[in-house]
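One structure below.
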Amino acid sequence: MPSTRNILFFTNSELGQANVALAVAEEFLQRNDFSVHIASFSQLAPLVVELNKKTPCPKSAKFHEIDGPCMEDLAIRTNVGLIHHKPGIAGAVDGFQKVRTIMSSWTSSEYGRAYRSCVDVLNELKPAVVVVDSILHVGLNACRSVGSRFAVLWPVPLKDVVILNQPNAGFLWKYPMTGSGYPYPLPWRLILPNMYLVLRAAMAMTTRNPSSETEGLGSDPQVMSPFPLTNAYQKDSLHLTPAFREMDFPLHVPENVVGCGPIVRLHQPLLEKDPEMAAWLTKPTILTSLGSHVKPTEDVAIEMAKAIQSVLDYHADHQVLWKLRYEWKTSNAFQRVLGKFIDSGSVRIVPWIQADLIAVLETGKIAAYVHHGGANSYFEACKVGVPQVILPQWLDTYDCATRVEWLGIGVHGSRKAAPGIDAEEFSHALEKVLGDKNIHAKAAAMRDVCKTTEGRVLAHDRIADFTL
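The sequence shown runs 1 to 468 under UniProt numbering.
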């Protein structure tokens, strides 16, 4: 019998964060055991409308707007944009400072309005449980203030969830600091630099940039500011991640952290969603996508093109599907590199892929997946057992490059050039991934691990149990 209990999802509006929340919300809609509510910034509203259209359920999810700027708005108005940075000490510190600058651009009045939006919806719905995005600090603060029962949904690997829970302060000396690009295991010579980066990250995340804007701070700055940007982990909450232990470095994982496996949204098979694309995917294909936010410069696009040219010259039986946000048709230099392959149909370049990328990966035709190291891309590749080439750009994407090499399921494709790309280095990475049988075997073994459960289903079940 349908329940009138409410479940509320608090999530950021950027897809990298929101996709896992939308996936779990879809599962709750299908089960019809809770009334589903989703609170986020206005940019997510159209996606909730789309979710309701594509999910055939008796009830629809209701959207509640959080009154305030989303992360993308904050990044644009601070002129930070994407947080590209180099690996190493100087690069990682630059990345930390960019995050601090973005979050410091919240005015106290804006943060107060957003906070009150969250409190108001909590008081209105009195949800049986709230599922909170791990970096939506305003939602976390509201839940703690009101005393709501909440679970934290992390769209990231286990390391990011439990790093501060490692025995003997392992976060200082055992694991590479996010953004550093350091290897795992951490060699002795990098332990002190790693400790320094942990300190610099803590400094950046605990205090906002100096600002003359103090209106509305009142007597409790934490309520009116996202700072300090504390870790969302709490020992008395339920924590869910799309990762299994087998998908990360060796870690101590507390009992209240549940590895659900990849949490992906319901989607149509490629043959149904885009029959023309499915018909083209007849040969082993290198899928290349650097995420929805990355728009490469001409220099970077041409370096990537040169690498692809080199690989296709040797692997004539392969083809490339490249999701690329770059006006390549007007670039003579780009055309000189890949023109003949584009004309022959061996390289297909599109600004957007109509189907979900997971549907493309599931065809069995993808020989390698080139991506920037975003968590969603990583988990989807693991789910289908496709070897990965990582071209990291910022913070956690450097961890991903280290992770795939530690696990043996992929290669760092820009170790020397990151966040840029060097044609020779990238082509060597592609060659290794295409030709290394051990990488393919380990990627296939990872797929078998992921087959043990459906992430969004397990997330639903554990959240539902948490309300009892």
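Each residue gets a CB set at the ideal place from its N, CA and C atoms; glycine is no exception.
### Task
Could you check which residue in 349, 265, 302, 464 has the C-alpha nearest to that of residue 52?
265
### Message
Under DSSP, the alpha helix (DSSP H) around residue 17 begins and ends at which residues?
### Response
Secondary structure note for residue 17: its alpha helix (DSSP H) is the uninterrupted segment 15-31.
### Task
Assuming residue 406 contacts residue 175 (C-beta within less than 8 Å), just tell me the rounded distance between them.
That pair is no contact at about 11 Å.
### Message
For residue 422 and residue 380, I'd like the C-alpha separation in whole angstroms.
### Response
26 Å
### Query
Under a Cβ-count criterion, where at least 16 other Cβ atoms within 10 Å of its own Cβ denotes burial, should residue 383 be classed as buried or exposed?
buried
### Task
Determine the extent of the beta strand (DSSP E) in which residue 320 is found, giving its start and end residues.
319-323
### Message
Taking the alpha-carbon of residue 62 as reference, which of 7, 102, 228 has the nearest alpha-carbon?
### Response
7
### Query
Out of curiosity, what's the CA-to-CA distance linking residue 450 and residue 330?
Looking at the two C-alpha atoms, the distance is approximately 42 Å.
### Task
Hey, could you find the ends of the beta strand (DSSP E) residue 390 is sitting in?
388-390
### Cα-Cα separation, residue 136 to residue 10
7 Å
### Query
In angstroms, rounded to a whole number, what distance separates the CA positions of residue 139 and residue 148?
11 Å
#### Entry: Distance, residue 340 Cα to residue 466 Cα
The C-alpha of residue 466 lies about 57 Å from the C-alpha of residue 340.
### Task
Could you say if the stretch 384-397 and the stretch 77-90 meet the contact criterion of at least three C-beta pairs nearer than 8 Å?
yes
### Task
Tell me, please, whether the stretch 286-294 touches the stretch 359-373 by the rule of three or more beta-carbon pairs shorter than 8 Å.
yes
### Message
Can you give me the C-alpha to C-alpha distance between residue 346 and residue 150, rounded to a whole angstrom?
### Response
49 Å
### Query
Under the three-state reduction of DSSP, which class applies to residue 85: helix, strand or coil?
coil
### Message
Please report the straight-line C-alpha distance between residue 5 and residue 142, rounded to a whole angstrom.
### Response
20 Å
#### Entry: Three-state secondary structure assigned by DSSP to residue 5
coil
### Query
So residue 437 is in the alpha helix (DSSP H); what residue range does that whole segment cover?
437-450
### Task
For residue 10, write down the residues that DSSP places opposite it in a beta bridge.
39, 132
### Query
In terms of DSSP beta bridges, what is residue 255 paired with?
DSSP output for residue 255 lists no bridge partner at all.
### Task
For residue 18, count neighbouring Cβ atoms within 10 angstroms of its own Cβ and tell me buried if that reaches 16, exposed if not.
buried
### Query
Taking one C-beta from the stretch 101-108 and one from the stretch 311-329 each time, how about it: are there three or more such pairs within less than 8 Å?
With the cut-off at 8 Å, the stretch 101-108 and the stretch 311-329 do not touch.
### Message
By the DSSP assignment, the beta strand (DSSP E) with residue 411 in it spans what residues?
### Response
410-412
### Task
Within 10 angstroms of the Cβ of residue 71, are there 16 or more other Cβ atoms? Answer buried if so, exposed if not.
buried
### Message
Any contact between the stretch 255-272 and the stretch 452-464? By contact I mean 3 or more CB pairs, one from each, below 8 Å.
### Response
yes
### Task
Would you kindly work out how many angstroms separate the C-alpha atoms of residue 192 and residue 31, rounded to a whole number?
50 Å
### Query
Candidates 411, 459, 20: which alpha carbon is nearest residue 440's?
Considering only alpha carbons, the answer is 411.
### Message
Since residue 153 and residue 131 should fall inside the 8 Å C-beta cutoff, what is the C-beta to C-beta distance between them, to a whole number of angstroms?
### Response
5 Å
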